[in-house]
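Q: Going by the working numbering, 223 is the number at position 223 of the sequence shown; the sequence numbering is gapless. Quick reminder that beta carbons are idealized off the backbone N, C-alpha and C, glycines included. Below are the structure tokens for one structure; questions will follow.
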Amino acid sequence: MRTENAVARLLGPWLLATIIVLRLSRQPSVLAFSSPTGTTAARRGGLGYVAQLKRRVVVNSHGNFPTQHRNNSVRRHHQTNGRYNNYNNISPSLAATAGGSGDNDDLNSKTAGFPFPLPSLSQILSVWIIGVSAKRIAQSDILSGGEMGMNLAVNAALFVGAGFVLVKSIRGIDYDSLEDLEQKSLAKQAGAWALEGCVPTRLEVADDDGGTSATYEVATFAGGCFWGTELTFQRIPGVIATCVGYTQGAIQRPNYEQVCSGTTGHTEAIQLIYDPNECSYERLLNALFNTINPTLVNRVNNDMGTQYRHGVYPHTNEQQIAADSFFETLRNKYETRGEGPIVTELKDAAVFWPAENYHQRYLEKRGQSAEKDCEEKVRCYG
Numbered sequence: 001m002r003t004e005n006a007v008a009r010l011l012g013p014w015l016l017a018t019i020i021v022l023r024l025s026r027q028p029s030v031l032a033f034s035s036p037t038g039t040t041a042a043r044r045g046g047l048g049y050v051a052q053l054k055r056r057v058v059v060n061s062h063g064n065f066p067t068q069h070r071n072n073s074v075r076r077h078h079q080t081n082g083r084y085n086n087y088n089n090i091s092p093s094l095a096a097t098a099g100g101s102g103d104n105d106d107l108n109s110k111t112a113g114f115p116f117p118l119p120s121l122s123q124i125l126s127v128w129i130i131g132v133s134a135k136r137i138a139q140s141d142i143l144s145g146g147e148m149g150m151n152l153a154v155n156a157a158l159f160v161g162a163g164f165v166l167v168k169s170i171r172g173i174d175y176d177s178l179e180d181l182e183q184k185s186l187a188k189q190a191g192a193w194a195l196e197g198c199v200p201t202r203l204e205v206a207d208d209d210g211g212t213s214a215t216y217e218v219a220t221f222a223g224g225c226f227w228g229t230e231l232t233f234q235r236i237p238g239v240i241a242t243c244v245g246y247t248q249g250a251i252q253r254p255n256y257e258q259v260c261s262g263t264t265g266h267t268e269a270i271q272l273i274y275d276p277n278e279c280s281y282e283r284l285l286n287a288l289f290n291t292i293n294p295t296l297v298n299r300v301n302n303d304m305g306t307q308y309r310h311g312v313y314p315h316t317n318e319q320q321i322a323a324d325s326f327f328e329t330l331r332n333k334y335e336t337r338g339e340g341p342i343v344t345e346l347k348d349a350a351v352f353w354p355a356e357n358y359h360q361r362y363l364e365k366r367g368q369s370a371e372k373d374c375e376e377k378v379r380c381y382g
């Protein structure tokens, strides 16, 4: 009995701390929303189509680029046709949310984020566990048995476990290992864009002769938990590939734990490529707003925090015009009802950092259908 009590006293606090650390590393869970009804457009996309795409792509984008590229088969050049010679001077209307009042500056200032990464709660707890267990190991008699030996073994295990959690939380995302177009994922390509500080406008897929076989537009949206948002867009005919990640934040290469802390200024978002001949930008806007309440600040369903704020982030002048028109119609609709204001962000697209691989196509991998025009409810859970 004495030994059992000693074990309980020893393991109790450590077990609680370990559970807290592990829980803080997981996605907050349950919410559900309805997927928008799909159109009757003919299906051309899907896994079969994307798998046939040639791996050499031509990317038209804007931003700062290195003079040397890792792959000579990828050519990048600035827009000179009037779309984006200076991306920072697109339109003043994109510098604020769609509410149209001075409150927008207030909202934006609250989501700016720190210019450097702050330690998360799980990192602080991990460091504390490492420190305390290391001290107890140093004070233990390695050769002694019984309760003292068990104390040593437990503290050694906690030291190693907490160290593993700490290293995992600090380690950056390996963008080269992310899923690619063959899995209908844009994650690997988005990672390459982000590492070069690039905000793309379109992606051109080359054929065997070096010509362009297809041209896809790039779009970025935020709609709360990115798992459900991604599946919603995966089901839209004309959407070729998607990826989830983080945008509109203050630091580079953010990971999930940092973004969840709410200190980086990022929001969970989705970036995708779509065929404009099959799917309009307005169709994508409708899909987003069918899943959110645009009058709620920093909240979608049960998820709350600046990292869950909703937003539309145009990449081109054409997208900007479509978004401006859509938001104006939406504002009038809500004003007629006596509701509002609309607080959904409408801002320039910024560098988009893809999330960890286990977040990509999360709900599809767990059995929910990503078939085009699927009308089953999207169940976002973790």
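Should E282 and G311 be called a contact, given that it needs their Cβ atoms to be closer than 8 Å?
A: Against a cut-off of 8 Å, the Cβ pair of G311 and E282 comes out as no contact.
Q: Output the boundary residues of the alpha helix (DSSP H) element that contains I129.
A: Run containing I129: 121-139, per the alpha helix (DSSP H) assignment.
Q: CA-CA distance, F326 and V132?
A: So the two alpha carbons sit approximately 56 Å from each other.
Q: Closer than 6 Å by C-beta to D224: which residues in its own chain qualify, once you throw out the five before and the five after it? Chain order, please.
A: It should be pointed out that residue 224 corresponds to Gly in this sequence rather than to Asp. Same-chain partners within the cutoff: V300, D303, Y308.
Q: Check for me: the alpha helix (DSSP H) holding I270 runs from which residue to which?
A: Element bounds for I270: not the alpha helix (DSSP H) but the beta strand (DSSP E), 267-274.
Q: If contact is defined by three or more beta carbon pairs under 8 Å, each pair taking one atom from either stretch, is the segment 268-277 in contact with the segment 236-245?
A: Yes, the segment 236-245 touches the segment 268-277.
Q: Using a threshold of 8 Å, state whether the C-beta atoms of A354 and A222 are closer than that.
A: According to the sequence provided, residue 354 is Pro. The question's Ala does not apply to it. The answer is no: Cβ separation not under 8 Å.
Q: Is the beta carbon of I130 less than 8 Å from the beta carbon of A157?
A: Against a cut-off of 8 Å, the Cβ pair of A157 and I130 comes out as no contact.
Q: Classify E230: buried if its beta carbon has 16 or more other beta carbons within 10 angstroms, exposed otherwise.
A: With 16 or more other Cβ atoms within 10 Å, it is buried.
Q: Using alpha carbons as the reference points, say which of D208, S122, G172, L272 lies closest to L181.
A: Checking every option, the nearest Cα to that of L181 belongs to L272.
Q: DSSP state of Y175, grouped into three classes?
A: In this structure, Y175 counts as helix in the three-state DSSP scheme.
Q: Hey, quick one: how far does the beta strand (DSSP E) through R202 stretch, first residue to last?
A: Taken as a continuous stretch (DSSP letters only), the beta strand (DSSP E) holding R202 covers 198-206.
Q: Got a sec, what are the start and stop residues for the beta strand (DSSP E) I240 sits in?
A: Per DSSP, I240 belongs to the beta strand (DSSP E) from 239-247.
Q: Taking 8 Å as the threshold, find out whether the segment 200-219 comes into contact with the segment 257-266 through three or more Cβ pairs.
A: Short answer: they don't touch.
Q: Helix, strand or coil: which one does DSSP assign to D324?
A: Here D324 sits in helix by DSSP.
Q: Given S213, which residues of its chain have a CB within under 6 Å of its CB, disregarding the five upstream and five downstream residues?
A: Excluding sequence neighbours, S213 sits near V205, D207.
Q: Would G338 and R331 be called neighbours here (beta carbons separated by less than 8 Å)?
A: Not in contact: G338 and R331 (Cβ atoms no closer than 8 Å).
Q: Take Q320 as the anchor and find which of G172, F159, D176, A219 has the nearest alpha-carbon.
A: That would be A219, whose Cα lies nearest to the Cα of Q320.
Q: So which of T291, H359, F352 has the shortest CA-CA distance to V378?
A: The option with the nearest alpha carbon to V378 is T291.
Q: How is E345 classed by DSSP in three states: helix, strand or coil?
A: DSSP places E345 in strand when its eight states are reduced to three.
Q: Closest to R136 by CA distance: which of L125, G149, I124 is it?
A: Of L125, G149, I124, the residue nearest in Cα terms is G149.
Q: Skipping 5 residues on each side, what residues in its chain have a beta carbon closer than 8 Å to that of F164?
A: For F164, where only same-chain residues beyond five positions count, there are no Cβ hits under 8 Å.
Q: Here's the rule I'm using: 16 or more other beta-carbon atoms within 10 Å means buried, otherwise exposed. How should K188 be labelled?
A: By the 10 Å Cβ count, K188 comes out buried.
Q: Kindly indicate the opening and closing residues of the beta strand (DSSP E) around T215.
A: 212-223 is the span of the beta strand (DSSP E), which, as asked, contains T215.
Q: May I ask you to report which of helix, strand or coil DSSP gives V50?
A: With a pLDDT of 39 at V50, under the threshold of 50, the predicted position of this residue should be treated as unreliable, and no value is reported.
Q: Can you grab the Cα-Cα spacing for the pair P314 / V160, in whole Å?
A: Approximately 46 Å between the Cα atoms of the pair.
Q: Have a look at F289, C243, N286, L186 and flag the residue whose alpha-carbon is nearest the alpha-carbon of E268.
A: Ranking F289, C243, N286, L186 by Cα distance to E268 puts C243 first.
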